[in-house]
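Remarks on the structure that follows.
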Amino acid sequence: MNILGINAYHANASVALVCNGRLVTAVEEERFNRVKYAAGFPTNAIRHCLAEAGLTIREIDHIAIPRNPWARMGRKLFYAARMPRFALDRIRALKHFSGIHEELAKACQVAPETMRAQYHRVEHHVAHLASAFFVSPFDHAAVLSTDGLGDFASTMWATGEGDRLKVHGAVGFPHSLGLYYTAISQYLGFWKFGDEYKVMGLAAYGEPAYQREFRRIIKPANGNGFSLGLEYFCHHRTGPEMTWRDSDKTPVQGQLYSPYLEKRLGHARTADEPVERQHKDIAASLQATLEEAYFRLLNSLWERTHQKAVCLAGGVAFNCVANGKIFDETPFSEVYVQPAAGDGGLSVGAAFYVHHQVLGRPRSFVMDHAYWGPQFTLEAVRLALESSGISDSFSVRKLSDEDLVRETAGRIAGGKIVGWFQGRAEWGPRALGNRSILVDPRRAEMKDVLNQRIKHRERFRPFAPSILEEATAQYFERSHPSPFMNLAYAVRPEKRAAIPAPTHVDGTGRLQTVSRGTNPLYWALIKEFEKLTGVPVLLNTSFNENEPIVLKPEEAMDCFRRTKMDVLVMGNYLIEKPNPCESSS
Ligand SMILES: [Fe+2]
0 MNILGINAYH
10 ANASVALVCN
20 GRLVTAVEEE
30 RFNRVKYAAG
40 FPTNAIRHCL
50 AEAGLTIREI
60 DHIAIPRNPW
70 ARMGRKLFYA
80 ARMPRFALDR
90 IRALKHFSGI
100 HEELAKACQV
110 APETMRAQYH
120 RVEHHVAHLA
130 SAFFVSPFDH
140 AAVLSTDGLG
150 DFASTMWATG
160 EGDRLKVHGA
170 VGFPHSLGLY
180 YTAISQYLGF
190 WKFGDEYKVM
200 GLAAYGEPAY
210 QREFRRIIKP
220 ANGNGFSLGL
230 EYFCHHRTGP
240 EMTWRDSDKT
250 PVQGQLYSPY
260 LEKRLGHART
270 ADEPVERQHK
280 DIAASLQATL
290 EEAYFRLLNS
300 LWERTHQKAV
310 CLAGGVAFNC
320 VANGKIFDET
330 PFSEVYVQPA
340 AGDGGLSVGA
350 AFYVHHQVLG
360 RPRSFVMDHA
370 YWGPQFTLEA
380 VRLALESSGI
390 SDSFSVRKLS
400 DEDLVRETAG
410 RIAGGKIVGW
420 FQGRAEWGPR
430 ALGNRSILVD
440 PRRAEMKDVL
450 NQRIKHRERF
460 RPFAPSILEE
470 ATAQYFERSH
480 PSPFMNLAYA
490 VRPEKRAAIP
500 APTHVDGTGR
510 LQTVSRGTNP
520 LYWALIKEFE
530 KLTGVPVLLN
540 TSFNENEPIV
550 LKPEEAMDCF
560 RRTKMDVLVM
570 GNYLIEKPNP
580 CESSS
């Protein structure tokens, strides 16, 4: 039974292949076409998934599409009558989806009539819920999906029981925690798709001084969890949908906040203005009020389900600061957030939904690691190195696993910036030790060094720690595993000086707990670093420079060459620049 999940014509276009109930591979189109958050049709990702499994599109039995244009049609028609642009967007979306069979045939270079797969449409938030629960380790759990908007809903909650999801309720347009966060991020001058992450980092520098006002922006609502103070927003009048820049299919969100918000909070910050105290306080108020609404939702979900575990999905599930507080603010004692909690994960969710809920097959799969993307053999790495001519300029050595780990740990402990390229690419937006840039967490200056040499991020944005799973409790105030870097915990006060570089200004870290079972090589590297330094932690940031995370050896070499990275480790090859550039830091 082969099921292809395809998230197309939507942010984070992605594809997942599920064969006999097990995930074979999953990948976002952005990794291939090099356009961050790419939408459009994921031709490259489809070709990869089929090739990885040695299948042709004719051997696919079911195709799961995480979008149902007919969902909430009454509400859509109501708004379409008031907003002509929105009506046009709806028609365009319907047109896209009605041609998906032909588009797929074209991508796979077969005649459309030779494909026998049955198509299934899975509503956006149902696919999110499925992406969280059906791959979780839990047989029973509460499930919550919260994002901007998908199929005209922003939030949905359910109980997961075995191979069934039972949806209890949803919040529809125009009320949305995701749009709320995006609107205030825009007001603060952060307009790019995905910038909410920056604002979450900024929030730690402020105080929630504006929370009284913010409690008018998001209010509790009976049965619905929350509602927006619509006077602060304009999406309910001008249209909610995202557009796609024609040139590269980058998602663009129009202005969401209204003039009334500026009247209440003062002029919006433009992107080139300095970040002042009030911006930090507004970010802190935004975050604090989001958390209030989020925990209200979670607590009422617990009241309804009385489950120990909760599974989370949707863009808001990337709010690691809020996720890390769930244990304190709700009765839930176990949390699962799969690595592609945002719209990228819809392809996995839709495919598993079809397998379990539509076809009635039992569960047999747990996503306990994130390494579901393409991989390159050592021979492919060797050929890439050879054809690049990199050895003309840099030292290239092939080492045993043991020497590789020992030498790499030594370079990191010596203050070098190391690009680490191993095995299968990560599924989801976080680099988790296979396409990572690694540095010494003990050196406070490494945050600035990384920014100056490679990342060019705003100074207020934190970097994240990877820690040996078994050492978590020594360094953090919680030890619940966080294998996908989507929970932030307080670093123990006595350990903050030991790992200053990935400890945020508020004393927290968005940690990745690394287990020996799921990534033995990365675990061994951190273990070796611990032997050298006494610290079982590395600072881990994604292997990229203002682009999607590198996928292929060629892209890793390109990034290594054009930035001031000191060392590149690809497979068993260790590549070093001849003149280490400490002086330029
Ligand atoms: Fe979504």
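Heads up: the sequence shown at position 320 corresponds to 319 in numbering that gives the first Met the number 0, and the numbers run straight through without jumps. Each residue gets a CB set at the ideal place from its N, CA and C atoms; glycine is no exception. Only a predicted model underlies this, so the values are computations on that prediction, with no experimental measurement involved.
Buried or exposed: which applies to residue i, given that a residue is buried once 16 or more other Cβ atoms fall within 10 Å of its Cβ?
{"i": "Trp371", "result": "buried"}
{"i": "Arg115", "result": "exposed"}
{"i": "Glu378", "result": "exposed"}
{"i": "Gln185", "result": "buried"}
{"i": "Ala443", "result": "exposed"}
{"i": "Ile90", "result": "exposed"}
{"i": "Arg236", "result": "exposed"}
{"i": "Pro41", "result": "buried"}
{"i": "Gly432", "result": "buried"}
{"i": "Met591", "result": "Limits of the chain in this structure are 0 at one end and 584 at the other, which puts residue 591 out of reach."}
{"i": "Trp156", "result": "buried"}
{"i": "Glu527", "result": "buried"}
{"i": "Thr376", "result": "exposed"}
{"i": "Arg410", "result": "buried"}
{"i": "Glu554", "result": "buried"}
{"i": "Gly533", "result": "exposed"}
{"i": "Asn6", "result": "buried"}
{"i": "Val566", "result": "buried"}
Which residues share a DSSP beta bridge with residue i?
{"i": "Trp419", "result": "Ser435 and Val568"}
{"i": "Cys310", "result": "Val142 and Tyr335"}
{"i": "Tyr488", "result": "Gly508"}
{"i": "Trp156", "result": "Leu143 and Gly168"}
{"i": "Ser394", "result": "Glu575"}
{"i": "Phe1", "result": "Just to set this straight, residue 1 is Asn in the shown sequence, not Phe. DSSP output for Asn1 lists Cys18 as bridge partner(s)."}
{"i": "Tyr118", "result": "Ile62"}
{"i": "Lys218", "result": "Ser226"}
{"i": "Ser541", "result": "Ser435"}
{"i": "Phe232", "result": "Tyr256"}
{"i": "Ser386", "result": "Its beta-bridge partners do not exist; DSSP assigns none."}
Can you list, in chain order, the residues of its chain whose CB lies under 6 Å from that of residue i, leaving out five sequence neighbours each side?
{"i": "Ala321", "result": "Glu290 and Tyr293"}
{"i": "Gln117", "result": "His61"}
{"i": "Ala489", "result": "Glu476, Gly506 and Thr507"}
{"i": "Cys107", "result": "Ile56"}
{"i": "Leu297", "result": "Thr329"}
{"i": "Ser332", "result": "Lys307"}
Just to confirm the assignment, what range does the beta strand (DSSP E) spanning residue i have?
{"i": "Thr24", "result": "Arg21 to Glu27"}
{"i": "Ala463", "result": "Ala463 to Leu467"}
{"i": "Leu358", "result": "Leu358 -> no beta strand (DSSP E), and no H or E assigned at all."}
The alpha helix (DSSP H) spanning residue i covers which residue range?
{"i": "Gln511", "result": "Segment Thr507 to Val513 is the beta strand (DSSP E) holding Gln511; no alpha helix (DSSP H) there."}
{"i": "Val404", "result": "Asp400 to Ala412"}
{"i": "Asn43", "result": "Thr42 to Ala52"}
{"i": "Asn298", "result": "Arg276 to Thr304"}
{"i": "His123", "result": "His123 to Phe132"}
{"i": "Pro273", "result": "Counting along the chain, Pro273 falls outside any alpha helix (DSSP H), and DSSP gives it neither H nor E."}
{"i": "Ile548", "result": "First-last for Ile548: undefined, no H or E at that position."}
{"i": "His368", "result": "Per DSSP, His368 belongs to no alpha helix (DSSP H) and is neither H nor E."}
{"i": "Ala106", "result": "Ile99 to Ala106"}
Using a Cβ-Cβ cutoff of less than 8 Å, which residues in the same chain neighbour residue i once the five nearest sequence positions on both sides are dropped?
{"i": "Pro577", "result": "Ser392, Phe393 and Ser394"}
{"i": "Glu29", "result": "Asn11, Ala12, Lys35, Tyr36, Ala37 and Pro547"}
{"i": "Asp162", "result": "Phe133, His355, Gln356, Gly359, Arg360, Pro361 and Arg362"}
{"i": "Thr288", "result": "Pro207, Gln210, Phe213, Arg214, Ile216 and Ile217"}
{"i": "Ser582", "result": "Unreliable placement is indicated for Ser582, whose pLDDT of 43 sits below 50; the coordinate value is still reported in the next sentence. Hits under 8 Å: none found."}
{"i": "Val598", "result": "Because the chain in this structure spans residues 0 to 584, residue 598 falls outside the shown range and cannot be described."}
{"i": "Gly171", "result": "Arg71, Arg74, Phe151, Ala152 and Ser153"}
Hey, residue i and residue j: beta-carbon distance below 8 Å or not?
{"i": "Phe542", "j": "Ile436", "result": "yes"}
{"i": "Pro173", "j": "Ser346", "result": "no"}
{"i": "Leu176", "j": "Ser153", "result": "yes"}
{"i": "Gln337", "j": "Phe483", "result": "yes"}
{"i": "Tyr256", "j": "Tyr231", "result": "yes"}
{"i": "Gly588", "j": "Val17", "result": "For residue 588 there is no data in the structure shown, the boundaries of the chain being 0 and 584."}
{"i": "Trp426", "j": "Ala316", "result": "no"}
{"i": "Asp400", "j": "Asn571", "result": "yes"}
{"i": "Lys592", "j": "Glu544", "result": "Nothing about residue 592 can be read from this structure; the chain reaches only from 0 to 584."}
{"i": "Gly323", "j": "Ala126", "result": "no"}
Using a beta-carbon distance below 8 Å, is residue i in contact with chain B?
{"i": "Ser144", "result": "Among the chains in the structure shown there is no chain B, since it carries only a single protein chain."}
Residues in the same chain with beta-carbon distance under 7 Å from residue i, minus the five sequence neighbours each way, listed in chain order, please.
{"i": "Ser584", "result": "Unreliable placement is indicated for Ser584, whose pLDDT of 39 sits below 50; the coordinate value is still reported in the next sentence. Once the five neighbours on either side are set aside, the close Cβ partners of Ser584 are Val448, Gln451 and Arg452."}
{"i": "Arg57", "result": "Val109, Thr113, Met114 and Arg115"}
{"i": "Arg33", "result": "Glu546 and Pro547"}
{"i": "Ala182", "result": "Phe232, Leu255 and Tyr256"}
{"i": "Met445", "result": "Val438, Asp439, Ala500 and Leu538"}
{"i": "Ile389", "result": "Val395, Met556 and Ile574"}
{"i": "Tyr259", "result": "Glu230 and Tyr231"}
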